[in-house]
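Start counting the sequence shown at 472; every next residue gets the next number (our numbering). Beta carbons are placed, not taken as given, at the ideal position from N, Cα and C, and that holds for glycine. For clarity, every value in this text was computed on a predicted model and none was experimentally measured. In what follows, a single structure is set out as structure tokens and then discussed.
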Amino acid sequence: MAIAVVLSIVPLASAAGVGGWDHLGDSGTAGTSSLNGAVYSMHATPGALYVGGVFTDAGGNADADRVAAWNGSAWSALSSSTSGIDNGGVFAIATAGTRVFAGGTFLNAGGNPDADFLAVWNGTTWGPFCNAAGAPFGGNVGALQVVGSKLYVGGSFQNAAGLAEADYLLACDLNTGASQVTTLDPAHPFSGPVHTLTADSNGVLYAGGRFNNLENIPAADNLAALDAGGWKAMGSGTGQCGCAIDGFVRALTALGTNVYVGTDVKDIGGVPQADNVVKWNGSGFSAMGSDTSGSGGWFPTSTFVYALAGSGSNVFAAGSFQDANGDPTADNIAWFDGAAWRPVGSNGAGNGPWVANGLALSVFDQHRTDGTPVRLYAGGNFTSVGGDTQAKFAASIPLAELAGPAPVPTPVPTPTPVPTPTPVPTPTPVPTPTPVPTPTPAPDTVRPRISALQLSSTAFRAAGSGRSISASAAGIGTVVTFSLSERGRVRFTVQRATGRRPRWVAVRGSAAVSGRKGRNRVRFRGRMAGRKLRPGNYRLTARARDAARNVSLPKQRPFRIIR
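Okay, structure coming up:
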């Protein structure tokens, strides 16, 4: 990825420390540190490693405030003297084409009053993103993920872009900037912060944080997956929440279709070895290694995992822990090699590589021609790594150094030569026609539309048993008819009127049906979440989601349950 504004680039070669780690250049004077503040986020692209935090100088560049780029040998700024992020910190970074997105705790990025908590660098200036009347975000942004043509933004905000259901997560179209909610059930959006996001190779989005009953799914607590069919729980458990992970999820990363989860929780799924970092293969969780005895997890009792990264079969975890598995060098960062956890270097004196927290990780292939290997980069609030006091807040280590020497292959006996047969004349090849390139379809950004929503009866009895929605036209309840502009999934929710001056209160539960383009008909049986509705006044809300995850505007109709 090209960096459109580079105010100064000074060659700053890395230097290996006694513990295997390297510092990332200096500030222009030998023996100094390149960064002057903590690092909270890293994002690798083919041409640059983007680093975010609370620093105000990178590589001696005074304009490299809170976000900068490292190309393997030099730092550059993503700001200028007239357009920068001059307060708060950057806690998440994503890229799309030549644009760089930064999320965090800042206000007025680039001097723009609407660029609060999320901003985009277009090569010239920082500005707001996600369409809204005014600033789209009113709270911190801590996670960013691009999936297809959408940027997903997670954090601790509510009512993003003025959308009542866009709490803690918002989707923004990369082509138009259109802001969209990601949930269908208006009564059960995200109930708490989204702290981390990732996506697998199939384009499934994963969200982790501290929330519960997402979309009224009891097991969708703290961790959930979004595919074309909507949000889904990831596993289940036997505890009170019914969820697999009953605690804060702080880090996610994906390798192919495998997703790795960093959490505060021990014994995930009731497995004693499944502590703090676990693997999800699309259908279930599995432990990653164990302690020496094989009876428990590798991480110590008090462990917080703040960052994950991976390469091939290797997974790296950073956070706050000491002496994992009784190893004095296993502090704050660890490496899973596909079979077991290991320390990652040391301080050169028998302890872990750094003191304080590891807060960001990334594997960065520098794509240089001088044979420089792929490296693991770590950021945090540490002030020395591998015994090198220049390695403040960020450092790197070659992956080849972790892997050790390659095994010597067993020699293969030279086969006895076989006589060469008389060659058969090669026929004259028929020219292959030049293929006509298939045009790339434009992304679908059009909302589906629900129209002509009607109830055959607005006063009816509730069924005593069975489902909420039935395809049959006969039976207790009312026939619901509606038209769709395109095929999609329609979710129905109910609100009840309470008080003399009616206040609408969401009824627990929802029901979804697949709808075809054009006219549709189903029977609503006056039930939600396995219970019949009590007599009273209600209203039914319908929203549709198409295959591209665009969500329609809601349609509502009143009804009354009678005895």
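Only counting the same chain, and skipping five residues up and downstream in sequence, which positions put a Cβ closer than 8 Å to that of Gln711?
Translated into positions along the sequence shown, residue 711 becomes position 240. Cβ neighbours of Gln711 beyond the five flanking positions: Asp717.
Given a threshold of 16 other Cβ atoms within 10 Å of its Cβ, counted over all protein chains shown, does Leu1024 qualify as buried or as exposed?
Taking the sequence shown and counting its residues from 1, the one referred to as residue 1024 is at position 553. Counting Cβ neighbours within 10 Å, Leu1024 comes out exposed, since fewer than 16 surround it.
Just how far apart, CA to CA, sit Gly490 and Ala678?
Residue numbering aside, residue 490 sits at position 19 when the sequence shown is read from its first letter. Residue numbering aside, residue 678 sits at position 207 when the sequence shown is read from its first letter. Rounded to the nearest angstrom, the two C-alpha atoms are 35 Å apart.
Nearest-angstrom Cα separation, counted from Arg962 out to Ser956:
Taking the first residue of the sequence shown as 1, we reach residue 956 at position 485. Taking the first residue of the sequence shown as 1, we reach residue 962 at position 491. The straight-line gap from Cα to Cα measures roughly 15 Å.
Assign Val856 to buried or exposed, taking buried as 16 or more other Cβ atoms, counted over all protein chains shown, within 10 Å of its Cβ.
Start at 1 with the first residue of the sequence shown, and residue 856 comes out as number 385. With 16 or more Cβ atoms within 10 Å of its Cβ, Val856 is classed as buried.
Over what stretch of residues does the beta strand (DSSP E) that includes Tyr777 continue unbroken?
One-based indexing of the sequence shown puts residue 777 at position 306. From DSSP, the beta strand (DSSP E) with Tyr777 extends over 775–782.
So who's on the other strand from Tyr521, going by DSSP bridges?
What you label residue 521 is simply residue 50 of the sequence shown in a count that begins at 1. Answer is His514, Ala540.
Per-residue burial, Thr1012 [other beta carbons within 10 Å of its own, 16 or more giving buried]
By 1-based counting over the sequence shown, the position of residue 1012 is 541. When all chains shown are included, Thr1012 counts as buried.
Test item: CB-CB of Ile564 and Asp536 under 9 Å:
As a working mapping, residue 564 is identified with position 93 in the sequence shown. As a working mapping, residue 536 is identified with position 65 in the sequence shown. For Ile564 and Asp536, no; Cβs fall outside 9 Å.
Could you pull the start and end residues of the beta strand (DSSP E) that Val729 belongs to?
Counting from one through the sequence shown, the residue named residue 729 turns up at place 258. The sequence given here places Asn at residue 729; Val does not occur at that position. 729–734 is the span of the beta strand (DSSP E), which, as asked, contains Asn729.
Alpha carbon to alpha carbon, what distance is there between Ala725 and Ala933?
To locate residue 933, count along the sequence shown from 1; it is residue 462. To locate residue 725, count along the sequence shown from 1; it is residue 254. Near 46 Å, if we compare the C-alpha coordinates of Ala725 and Ala933.
What residue range does the beta strand (DSSP E) around Leu640 cover?
For the purposes of this step, residue 640 is taken as the residue at position 169 of the sequence shown. It spans 640–644 - the beta strand (DSSP E) in which Leu640 sits, taken as one unbroken run.
Measure from the alpha carbon of Val617 to the alpha carbon of each residue in Ser650, Ser505, Ala670, then state which is nearest.
As a position in the sequence shown, residue 617 is number 146, starting the count at 1. It is Ala670 whose Cα lies nearest to the Cα of Val617.
Cβ of Ser766 within 9 Å of Cβ of Pro743?
Looking up residue 766 in the sequence shown gives position 295. Looking up residue 743 in the sequence shown gives position 272. Yes, the pair counts as a contact, with Cβ atoms nearer than the cut-off.
So what's Phe588 in DSSP terms, helix, strand or just coil?
Sequence index remark: in the sequence shown, residue 588 carries index 117 (1-based). Of the three classes helix, strand and coil, the one that applies to Phe588 here is coil, per DSSP.
One question on the structure: do Val993 and Ala977 come within less than 9 Å of each other, judged by their Cβ atoms?
Reading the sequence shown from its first residue, position 522 is the one you call residue 993. Reading the sequence shown from its first residue, position 506 is the one you call residue 977. In this structure, Ala977 does not lie closer than 9 Å to Val993 by Cβ.
Select from Gly531, Gly523, Tyr521 the residue whose C-alpha is nearest the C-alpha of Gly499.
The residue labelled residue 499 in the question sits at position 28 within the sequence shown. Here the closest residue by C-alpha is Gly531.
How close, in whole Å, do the beta carbons of Phe614 and Leu668 come, if the pair is a contact with beta carbons under 8 Å?
Taking the first residue of the sequence shown as 1, we reach residue 614 at position 143. Taking the first residue of the sequence shown as 1, we reach residue 668 at position 197. It should be pointed out that residue 614 corresponds to Ala in this sequence rather than to Phe. That belief holds up - the Cβ atoms of Ala614 and Leu668 are roughly 4 Å apart, short of 8 Å.
Nearest-angstrom Cα distance between Ser867 and Gly823?
The count along the sequence shown starts at 1 and reaches residue 867 at position 396. The count along the sequence shown starts at 1 and reaches residue 823 at position 352. Rounded to whole angstroms, Ser867 to Gly823 spans 15 Å at the Cα level.
Under the DSSP definition of a beta bridge, which residues are partnered with Ala983?
Position 512 of the sequence shown, counted from the start, is the residue given in the question as residue 983. Looking at the DSSP assignment, Ala983 forms a beta bridge with Arg962.
Arg1041, enclosing beta strand (DSSP E) - first and last residue
Only positions 472 to 1034 of the chain appear in this structure, which leaves residue 1041 out of reach.
Using 10 angstroms around the beta-carbon of Ala810, count the other beta-carbons present and answer buried if the total reaches 16, otherwise exposed.
Residue numbering aside, residue 810 sits at position 339 when the sequence shown is read from its first letter. Classification for Ala810: exposed.
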